[in-house]
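Student: Residue numbers (my numbering): 2 to 527. First, the structure itself, so that you have it in front of you.
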């Protein structure tokens with residue numbers, strides 16, 4: 002216990018200092034991925050030295066952890082970044098809670114909640130308990146500790162200080178660079194910075210305390226977990242079979258009527274959009290969000306009823322499963338209807354970030370619905386939580402690999418080639434992820450002059466509005482920003498033909514043909 006305590010505290014303090022070094026006054030970038038890797042390495046080292054190894058299934062979690070950690074400095078598009086950060090932290094927590102046991106694949110939804118509550122409690126309390134144990138061991142130690150005389154050290158320091166001052170002054174006079182570095186070092190000890198140093202030391206110690214709690218939780222509380230509802234249901238089924246059948250049956254009938262009414266649109270395409278005065282926007286947007294909500298709520302309804310309904314024989318189980326599968330299939334058909342609405346909306350008005358998010362989300366929601374049907378048929382309802390986790394990872398991974406902003410550029414330019422309007426101001430509002438695609442289209446000699454100049458105007462706006470070039474600290478390095486700025490610099494000569502002007506805090510660009518565009522005047526918000 003004594004060796005474990007010392008080892009964990011040393012590793013945690015080093016990681017706490019590294020957090021300060023990597024993140025103090027720095028924007029998120031490659032520093033996050035580096036710190037994630039350092040935390041994993043430090044934790045694995047400390048635990049392995051105690052003979053504690055991760056379960057084989059827990060090791061699989063490291064693959065998506067590394068993937069999403071890397072995405073945090075590869076992409077700039079906001080949702081991809083948010084999901085990458087969130088899933089990295091979520092999966093690291095899952096790794097800690099199942100480090101030795103490795104039963105995360107069998108977790109139900111309640112198990113996830115309970116595991117993270119236990120992790121939170123363990124992180125806050127286990128280091129304190131360890132300190133108490135260490136103190137008790139010291140009190141029980143037989144014999145008096147040897148007193149160490151510190152005076153020789155003090156005398157040595159007092160003698161060394163004036164000698165170092167003299168040599169430092171001489172060396173500073175001999176070399177200006179050394180003088181600058183020495184001045185920067187001495188400035189660290191200025192009294193006006195004392196509150197900052199105290200604050201930084203405090204959060205380093207707090208971070209070390211929490212990390213020790215994480216390590217101890219993995220070492221002590223991550224063994225074979227007793228899963229909620231595995232032996233006995235968390236909530237005993239209390240709703241009768243007839244009541245549940247009426248609920249699912251009535252919902253299935255309602256959904257079937259809706260599908261029959263909507264069926265004409267599945268094959269009618271754009272020709273049916275103006276029925277009863279509906280326009281593109283009204284058809285595509287009216288009820289789209291509601292259809293997604295119906296899909297999600299129907300899924301929750303079925304899963305909720307599945308957990309609280311008494312099914313006393315195989316006939317009742319088969320009928321309940323049949324009704325549930327019918328509801329899910331009808332929801333899937335409605336999802337196809339919603340997907341078609343979105344495709345028509347994108348065809349008419351182009352792609353945006355929100356529309357692309359929704360596009361990809363609906364695909365993964367459809368796959369999740371299919372998984373629910375399969376799990377119900379196989380009587381593997383407990384695996385639903387795993388299906389949700391995999392769908393979430395798949396959705397986030399798809400966005401990251403797709404490069405949402407680059408996809409938007411390519412799709413909207415393709416629409417422009419086919420005669421549709423190109424919202425160049427919206428393209429200029431995208432993140433650095435879009436710059437490679439914009440440059441590729443800008444260099445495409447087959448595009449018309451008008452489209453070429455609109456793309457050039459977008460690049461000119463991005464170049465003018467870019468907050469900085471490639472001179473930021475390495476800890477804030479982002480591959481997308483680096484490549485984007487590098488490409489903009491490479492086309493600086495071409496972009497000089499686009500004149501930038503500012504009027505009352507607004508930035509405008511005028512292309513070679515004299516057309517003026519507001520760099521922030523895009524209208525595509527959804």
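Built from N, CA and C at the ideal position, the CB exists for glycine as well. Keep in mind it's a predicted model, so treat the numbers as computed, not measured.
In the structure shown, what three-state DSSP assignment does residue 409 receive?
Tutor: Looking at residue 409 - three-state DSSP - the assignment turns out to be helix.
Student: Could you check where the alpha helix (DSSP H) with residue 446 kicks off and where it finishes?
Tutor: No alpha helix (DSSP H) holds residue 446; DSSP gives it neither H nor E.
Student: Helix, strand or coil, according to DSSP, for residue 357 in the structure here?
Tutor: Helix, per DSSP.
Student: Taking DSSP as the reference, what is the three-state secondary structure of residue 487?
Tutor: DSSP places residue 487 in helix when its eight states are reduced to three.
Student: What would DSSP say about residue 75, mapped onto helix, strand or coil?
Tutor: In the structure shown, residue 75 sits in coil (DSSP, three-state: anything other than H, G, I, E or B).
Student: With respect to the alpha helix (DSSP H) encompassing residue 495, which residues constitute its N-terminal and C-terminal limits?
Tutor: Residue 495 -> alpha helix (DSSP H) spans 493 to 496.
Student: Taking 8 Å as the cut-off, decide whether the C-beta atoms of residue 253 and residue 301 are in contact.
Tutor: Not in contact: residue 253 and residue 301 (Cβ atoms no closer than 8 Å).
Student: Need the endpoints of the beta strand (DSSP E) that residue 504 sits in, please.
Tutor: Looking at the DSSP string, the run of the beta strand (DSSP E) that includes residue 504 is 500 to 504.
Student: Report yes if the CB atom of residue 432 is closer than 8 Å to the CB atom of residue 77, and no otherwise.
Tutor: The answer is yes: Cβ separation under 8 Å.
Student: By how many angstroms is the C-alpha of residue 296 removed from the C-alpha of residue 333?
Tutor: If I take the Cα positions, the gap works out to 8 Å.
Student: Using C-beta distances below 6 Å, list every residue in its chain close to residue 380, excluding the 5 sequence neighbours before and after it, in chain order.
Tutor: Excluding positions up to five away in sequence, the list is empty.
Student: Taking the continuous beta strand (DSSP E) assigned at residue 421, which residues delimit it?
Tutor: From DSSP, residue 421 is part of no beta strand (DSSP E); its letter is neither H nor E.
Student: Give, in chain order, every unbroken run of the alpha helix (DSSP H) that is at least 4 residues long and sits entirely within the stretch 68 to 122.
Tutor: Correct list: 79 to 98.
Student: Between the Cα of residue 383 and the Cα atoms of 106, 122 and 437, which residue gives the shortest distance?
Tutor: Among 106, 122 and 437, the Cα nearest to that of residue 383 belongs to 106.
Student: Which same chain residues end up closer than 6 Å to residue 215 when comparing Cβ atoms and leaving out the 5 residues on each side of it in sequence?
Tutor: So the qualifying residues of the chain are 97 and 124.
Student: Do residue 437 and residue 488 have their C-beta atoms closer together than 8 Å?
Tutor: The answer is yes: Cβ separation under 8 Å.
Student: Should residue 447 be labelled buried (16 or more other beta-carbon atoms within 10 Å of its own) or exposed?
Tutor: Exposed.
Student: Residues in the same chain with beta-carbon distance under 6 Å from residue 43, minus the five sequence neighbours each way, listed in chain order, please.
Tutor: Cβ within range, chain order: 12 and 16.
Student: Report the CB separation of residue 388 from residue 403 in whole angstroms; it is logged as a contact under 8 Å.
Tutor: So it is not a contact: roughly 22 Å between Cβ atoms.
Student: Output the boundary residues of the beta strand (DSSP E) element that contains residue 511.
Tutor: Residues 507 to 511.
Student: On the DSSP bridge list, what partners appear for residue 21?
Tutor: Beta-bridge pairing links residue 21 to no other residue.
Student: Going by the DSSP bridge assignment, what does residue 519 pair with across the sheet?
Tutor: DSSP output for residue 519 lists 509 as bridge partner(s).
Student: Return the residue from the list 33, 63, 60 and 50 that minimises the CA-CA distance to residue 86.
Tutor: Nearest of 33, 63, 60 and 50 to residue 86, Cα basis: 33.
Student: Tell me whether residue 506, by its Cβ, gets closer than 7 Å to a heavy atom of the ligand SAH.
Tutor: Of the ligands one can find in the structure shown there are none, so the ligand SAH has no counterpart to examine.
Student: Report the rounded CA-to-CA distance for residue 339 versus residue 247, giving the unit in angstroms.
Tutor: Those two C-alpha atoms are separated by around 27 Å.
Student: List the residues that DSSP assigns as beta-bridge partners of residue 310.
Tutor: Residue 310 is bridged to 240.
Student: What three-state label does DSSP hand residue 9 in the structure shown?
Tutor: Of the three classes helix, strand and coil, the one that applies to residue 9 here is helix, per DSSP.
Student: Identify the continuous alpha helix (DSSP H) that holds residue 347 and give its terminal residues.
Tutor: Segment 315 to 350, the alpha helix (DSSP H) holding residue 347.
Student: Compare the beta carbon distance of residue 304 and residue 385 with 8 Å and say whether it is the shorter of the two.
Tutor: Contact: yes.
Student: Taking the alpha helix (DSSP H) that residue 386 falls in, what are its first and last residues?
Tutor: That run of the alpha helix (DSSP H) goes 385 to 403.
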